[in-house]
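Data first, discussion second: the structure below is written as structure tokens.
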DNA sequence: TAAACCGATTGCAAAATGCAAGCACTAGGG
DNA sequence: CCCTAGTGCTTGCATTTTGCAATCGGTTTA
């Protein structure tokens, strides 16, 4: 990873990593879509280009936001997993979603059926992150 | 604003608007930097290009995330202000900051001196947003 | 065996970004 | 009055990134 960043501001430092149209969509797929393989992400609704997907996965690996391991079911297949650093992006995604529900034409199938209070929301996020840790942070073949 | 978006997913719909390296930095400047004028934002630490700043401000206006009014102190000068829709981006910026404090080399001058509990954090955000409403949502000359 | 699948890579066109200079003013100071 | 600095952009061009579609050398499936 190149060491240059635009400033020491935390917002800027975050955007240096994921300030583009695609990176957080990949994290979303891993986090909420149960997608773990290249082709699964390639076929998401947003139609990412193959070279962009490859490029971003490479960057996410270099940043240690994800890891990749071989898949025992197929010699060529790899499994991508979130690290703790990746899982920690969940509140950002949730706040983006929250904003979009309010101000953007969110598709019906994405609308939540209940509304949570602020504190409930935090503990739900904690539950989600715990679940993600169980799925993504386990060792292969364990 | 063009009506096409990549999908109905809330994350994707948010990133359609602010999924780039610059847009949320402009919002940051308005929100936390007390910057209200083009040249002030042009001189932020990250050195945005003038054509990119103009382009993003135009987009933010079209999206009604900001408004602009003339400045009574100078015929050419305009004042940019956040709308409620813009102010509602605060939690996203805060979560990005929170992630960066943990995983990125945040500059010393940006490090907070206290740590807040989750609930305190929410009420502090509410206070911030209330302050922003007072500054940004007032009518000119009122 | 043929077809589908695997994670990429490639060549090229289109779009976006970055750099630096410029525009037509407006305000302030000498 | 003149000059300088400031105002919010715009412009021309070079570079970089993104998007599109095809391809690669395998591996697995029916």
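Residue numbers (the working numbering), protein chains in the order written: chain A, 77 to 218; chain B, 77 to 218.
Each residue gets a CB set at the ideal place from its N, CA and C atoms; glycine is no exception.
Proximity to residue 122 of chain B across B:97, B:149 and B:152 peaks at B:97, based on C-alpha coordinates. The stretch 157 to 165 of chain B and the stretch 141 to 149 of chain B touch, with no fewer than 3 CB-CB distances between them shorter than 8 Å.
Chain-ordered, the chain B residues with CB closer than 7 Å to the CB of residue 165 of chain A read 175.
Partner residues in a beta bridge of residue 184 of chain B, as assigned by DSSP, do not exist. Assignment of beta-bridge partners to residue 168 of chain B by DSSP yields no partner. Taken in chain order, the members of the stretch 99 to 130 of chain B whose beta-carbon sits within less than 7 Å of a beta-carbon on chain A are 100, 101, 104, 121 and 122. Classified as buried, residue 95 of chain A has 16 or more neighbouring CB atoms from the shown chains inside 10 Å of its CB.
When rounded, the separation of the alpha-carbon atoms in residue 209 of chain B and residue 203 of chain B is 10 Å. When Cβ pairs closer than 8 Å are counted between the two stretches, the stretch 125 to 138 of chain B is seen not to touch the stretch 82 to 90 of chain B, the count staying below three. For residue 80 of chain B, the secondary structure class from DSSP, reduced to helix, strand or coil, is coil.
Residue pairing for residue 143 of chain B: DSSP places it in a beta bridge opposite B:157. Chain order gives the chain B residues near residue 96 of chain A as 91, 95, 96 and 97, where near means a beta carbon separation below 9 Å. The beta-carbon of residue 81 of chain A is placed less than 9 Å from the nearest beta-carbon of chain B.
Excluding five sequence positions before and after residue 99 of chain B, the CB atoms of its chain that fall closer than 6 Å to its own CB belong to 132, given in chain order.
The beta carbon of residue 161 of chain B falls within 9 Å of a beta carbon belonging to chain A, placing the residue at that interface. In this structure, the alpha-carbon of residue 172 of chain A lies about 17 Å from that of residue 92 of chain A. One Cα belongs to residue 174 of chain B, the other to residue 211 of chain B, and the distance between them is close to 25 Å.
At a cut-off of 9 Å, the C-beta of residue 170 of chain A has a neighbouring C-beta in chain B. Excluding sequence positions up to five before and after residue 165 of chain B, its CB lies within less than 6 Å of the CB of 103, all in the same chain and listed in chain order.
In the structure shown, the three-state DSSP call for residue 107 of chain B is helix. Between the alpha carbons of residue 188 of chain B and residue 177 of chain B lies a distance of about 9 Å. Residue 179 of chain B has a beta carbon lying within less than 9 Å of a beta carbon in chain A. Leaving aside the five residues that flank residue 82 of chain A on each side, the residues in its chain whose CB is nearer than 7 Å to its CB run, in chain order, 88 and 92.
Counted as a single uninterrupted DSSP element, the stretch harbouring residue 95 of chain A is not any alpha helix (DSSP H), since DSSP gives it neither H nor E. For residue 130 of chain B, the uninterrupted alpha helix (DSSP H) run begins and ends at 126 to 138, by DSSP.
Annotated three-state conformation of residue 115 of chain A is helix, per DSSP. Here residue 151 of chain A is exposed: its Cβ has fewer than 16 other Cβ atoms, across all protein chains shown, within 10 Å. If the five residues before and after residue 120 of chain A are omitted, its C-beta is found closer than 8 Å to the C-beta atoms of 101, 105, 109 and 111, all from its own chain and listed in chain order. The beta carbon of residue 179 of chain B lies closer than 8 Å to none in the same chain, with the five residues before and after it left out.
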